[in-house]
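In this text, residue positions in the sequence shown follow our numbering: the first is 231, and each later residue adds one.
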Amino acid sequence: MKKVSQPWIKTHAGYWSPKESLLFDSKFGLYLKRTDGPFIDEEFYGTKIASYKKELSALGVIVEAEKGCPLIAGHLDIHDETEAFVRLYNYLSEFQWEPDTDAARRIWIPKGEWVRADECVIYDKDGLFGLQLTVLEKHYEHKLLLFFSSAFGVKSHPSVDDYLKVWKVWESSGSALSHADCCKFWSYISKHWNSKTEKTVADALVKVPVSSGSEGILLCYKSDVFIADDLHLKYLFEQSSPESIFVWYPQPSLPSIPRSKLLDIYRRIGVRTISESVQKEEASLADDVEAVSLPREKLIKKALFRLILGFLAAPPMEMEAEKRLEAVQFLVNVTVVVTAEPISVSYSLPLSSWKVLNVRGSQKIRFDRDNSKIFTQKMDKSGGQKSMFEFATSFSQAISESVVWDSTDHIDSLSELIKVAALLNFKEEAVDSLMKSKNLQIFMEDEEFLRTV
């Protein structure tokens, strides 16, 4: 028996023991050639060797096609031709063979190399993984792709981790990214966005894309890139900085990457808005700037008090009478100062590299709450509706920030109301109609207060 178990049978793959040999027949022939594995060499033994099928089986020779998979799989590495591997894999697929060792989980690629199954992917519809993964659809037909997926566990498509690895390569390259590739990446992330993806992406991404014109998309550290949630600040910094500091998004917006969703993703992975990051410094008026004081009633009119009190009394604020009267009391005693020159303001934006971007702008209104003063630039009536709208916007923002400074979520809502009223020149009847349209009303305590202003 010891001699029988030794490699004494001559096969097309050398000498092997009976248990390591195969007898070729018509069923094997449906898939393979005699030279595809350790099949007994009929040229050496003669064609009559096939008639001893029962005897050879008794010795341990594999004579049934469905039982030959382990031996065929064990001799894959003797081949180097694509046609042979197609036959071999089709045979293994037919009999549902699966690899049982890490060494067996390698797949041969027609360019002449073996790759691990976990380094492969069946499809790459975005065409981004040619350098990172072996894409099997480029090399094998559909039937074998199913086999590689089921037997070897090859994933059908790149995973979130695979996409992030590609992004890390782009981060390291320092080269501009094409618009198409950037869209493909963020479309995939958007499609697969969930709480788990959010944490994975936030931890992995160091850089995010910035708007950089037609020369490609640059990747910059996310601590130095901002979401442009304030268009005025965006304009000022774009005018002063040669490098873009605002996140990229496709223009026009794509169905696969809605702008609002992409900006929300940026926020969730740690990109800050420009409004929360900038530091504002309002300069004092120069000594030589002409300034004239006006009666408070010229700017802060009774209809404005009425509108604000109605807003504070209504949902969602529902402020008690005492508190809402206290909230507007400071407006009664303010001094209105009109200047001929624009009111300057400075903005600074600290970056992670200790660099600070500084810009200067101007504003129509400035509210100095500590000193109970409102500074306003004299309106240029020749500017027409544009000038009126700019003034109303600046005025409404300044007033609302001062009234609900401790409830910042409501600043924008109040500001919009005041802006409309300002454009109506705070006419009593017009403001009453505005309040009714917004379901706002005032109460007896408010009426008593209004009689004193």
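We treat Cβ as the ideally placed atom computed from N, Cα and C, and that holds for glycine.
C-beta contact flag for residue i and residue j at 8 Å
i           : j           : result
residue 302 : residue 322 : yes
residue 363 : residue 343 : no
residue 592 : residue 575 : yes
residue 391 : residue 359 : no
residue 295 : residue 269 : no
residue 577 : residue 461 : no
residue 252 : residue 280 : no
residue 641 : residue 624 : no
residue 319 : residue 376 : no
residue 626 : residue 648 : yes
residue 445 : residue 406 : yes
residue 495 : residue 423 : yes
residue 597 : residue 628 : yes
residue 555 : residue 677 : no
residue 501 : residue 438 : yes
Alpha carbon of residue i to alpha carbon of residue j, nearest angstrom
i           : j           : result
residue 369 : residue 415 : 24 Å
residue 265 : residue 381 : 24 Å
residue 643 : residue 635 : 13 Å
residue 452 : residue 431 : 12 Å
residue 283 : residue 300 : 20 Å
residue 611 : residue 663 : 26 Å
residue 271 : residue 241 : 5 Å
residue 385 : residue 411 : 22 Å
residue 366 : residue 337 : 9 Å
residue 401 : residue 450 : 8 Å
residue 326 : residue 354 : 25 Å
residue 527 : residue 613 : 24 Å
residue 667 : residue 508 : 36 Å
residue 434 : residue 347 : 24 Å
residue 286 : residue 394 : 55 Å
residue 669 : residue 447 : 48 Å
residue 471 : residue 440 : 13 Å
residue 261 : residue 329 : 19 Å
residue 324 : residue 256 : 15 Å
residue 464 : residue 403 : 28 Å
residue 275 : residue 304 : 24 Å
residue 654 : residue 476 : 36 Å
residue 427 : residue 682 : 59 Å
residue 559 : residue 473 : 46 Å
residue 506 : residue 331 : 55 Å
residue 245 : residue 429 : 57 Å
Of the listed residues the options, nearest to residue i (C-alpha basis)
i           : options            : result
residue 497 : 482, 485, 510, 478 : 478
residue 531 : 657, 250, 242      : 657
residue 615 : 358, 652, 676, 372 : 652
residue 580 : 590, 259, 504      : 504
residue 646 : 317, 361, 537, 582 : 537
residue 316 : 475, 623, 378, 582 : 378
residue 679 : 590, 553, 578, 641 : 553
residue 584 : 454, 510, 521, 404 : 454
residue 443 : 525, 468, 549, 457 : 468
residue 493 : 456, 638, 474      : 456
residue 308 : 243, 459, 482, 332 : 243
residue 425 : 512, 482, 499      : 499
residue 563 : 357, 659, 535      : 535
residue 512 : 436, 639, 604      : 604
residue 292 : 267, 314, 273, 589 : 267
Own chain, CB closer than 8 Å to residue i, minus 5 neighbours either side, in chain order
i           : result
residue 671 : 540, 543, 544, 665
residue 310 : 342
residue 487 : 413, 416, 417, 420, 479, 480
residue 637 : 547
Neighbourhood of residue i by C-beta, 6 Å cutoff - its chain only, sequence neighbours within 5 removed
i           : result
residue 340 : 312, 369
residue 599 : 632
residue 621 : 594, 609
residue 561 : 530
residue 606 : 568, 595
residue 661 : 533, 537, 651
residue 249 : 290
residue 278 : none
residue 521 : 567, 569
residue 483 : 489
residue 549 : 542
residue 458 : 464, 476, 504
Contacts around residue i, its chain only, beta-carbon distance under 7 Å, and the 5 residues preceding and following it disregarded
i           : result
residue 523 : 565, 566, 567
residue 673 : 543, 551
residue 334 : 303
Min CB distance residue i to chain C below 8 Å
i           : result
residue 272 : The structure shown contains no chain C; it holds only a single protein chain.
Quiz item: Taking the runs of the alpha helix (DSSP H) that are 4 residues or longer, which of them lie wholly in the stretch 231 to 287?
Solution: List check, alpha helix (DSSP H) in window: 256 to 259, 272 to 275.
Self-check item: Complete runs of the alpha helix (DSSP H) confined to the stretch 601 to 656 [at least 4 residues]
Solution: 614 to 633, 641 to 653
Practice problem: Note down, one range per segment and in chain order, each alpha helix (DSSP H) of at least 4 residues found wholly within the stretch 572 to 600. | Solution: none
Self-check item: Length-filtered (3 minimum) beta strand (DSSP E) runs lying within the stretch 465 to 544
Solution: 509 to 512, 521 to 524
Quiz prompt | Continuous beta strand (DSSP E) assignments of at least 3 residues falling wholly in the stretch 324 to 394 | solution = DSSP runs (the beta strand (DSSP E)) wholly in the stretch 324 to 394: 336 to 339, 343 to 346.
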